[in-house]
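Per the numbering used here, the sequence shown runs over residues 4 to 154.
One structure below.
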Amino acid sequence: MDDEPLICLPGQRLCLCDKTYTSGQGTYERQGYIYSQLAGYVDIVEKDGVKIVEVHSSGEQTVVPAQGDIVTAQISIITQAYAKCFIKCVGDTVLRRPFRAIIRKEDVRATEKDRVEIYKSFRPGDIVLGRVLPITEAHCTNLQQQRMSWV
Numbered sequence: 004m005d006d007e008p009l010i011c012l013p014g015q016r017l018c019l020c021d022k023t024y025t026s027g028q029g030t031y032e033r034q035g036y037i038y039s040q041l042a043g044y045v046d047i048v049e050k051d052g053v054k055i056v057e058v059h060s061s062g063e064q065t066v067v068p069a070q071g072d073i074v075t076a077q078i079s080i081i082t083q084a085y086a087k088c089f090i091k092c093v094g095d096t097v098l099r100r101p102f103r104a105i106i107r108k109e110d111v112r113a114t115e116k117d118r119v120e121i122y123k124s125f126r127p128g129d130i131v132l133g134r135v136l137p138i139t140e141a142h143c144t145n146l147q148q149q150r151m152s153w154v
């Protein structure tokens, strides 16, 4: 039974992140724990006395946007309070299936937040870069535009 591979889902907590265990490929660390970023098999590799927890998927990679990730999104709907969009890429990984997200008008820029008119900032079809904020209780990913440097 010990030889059976452990299967995990995106966002699943795997173990404590401490001096013994560290986050590797397909995982991320948050608040002292290691979480899976992919659906796949857990693999623990020992290197220099430290166990690296990795997750490998058997098929195409399925990455879940995590807090702080830089994402590429396409604007779909504009309202007075926010813009709805679809996340197409996380970092340099193109997603098989897009994630839904919103950009609230108070997250568009760092200064003069009350003067933002979201329809002057975005149009449907625009491609934007954003940083992922913590996921809300409604399980909707929020993006932040204010600290992005444009290429």
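Every residue gets a Cβ at the ideal spot worked out from N, C-alpha and C, and that includes glycine.
Quick caveat, the model's predicted, so the values are computed rather than measured.
Which two residues bound the contiguous alpha helix (DSSP H) that contains Ser124?
-> Per DSSP, Ser124 belongs to the alpha helix (DSSP H) from Ile121 to Ser124.
Mind checking Gly128: buried by the 16 CB within 10 Å criterion, or exposed?
-> That one is exposed.
Report yes if the C-beta distance between Lys91 and Leu98 is below 8 Å; otherwise report no.
-> In this structure, Lys91 places its C-beta atom within 8 Å of the C-beta atom of Leu98.
Residues of its chain near Val131, where Cβ-Cβ distance is below 6 Å and the 5 sequence neighbours each way are ignored = Same-chain partners within the cutoff: Ala76.
Going by beta carbon distance, what residues of the same chain come within less than 6 Å of Gly35, once the five residues before and after it are set aside?
-> For Gly35, where only same-chain residues beyond five positions count, the Cβ hits under 6 Å are Cys20.
Whole angstroms is fine: what's the gap from Ser39's alpha carbon to Lys54's?
-> Approximately 15 Å between the Cα atoms of the pair.
Going by C-alpha distance, which of Leu136, Ile106 and Leu12 is nearest Val58?
-> Among Leu136, Ile106 and Leu12, the Cα nearest to that of Val58 belongs to Leu12.
8 Å CB neighbourhood of Thr23 in its chain, flanking five on each side removed | Counting only Cβ-Cβ distances below 8 Å, and skipping sequence neighbours, we find Val53 and Lys54.
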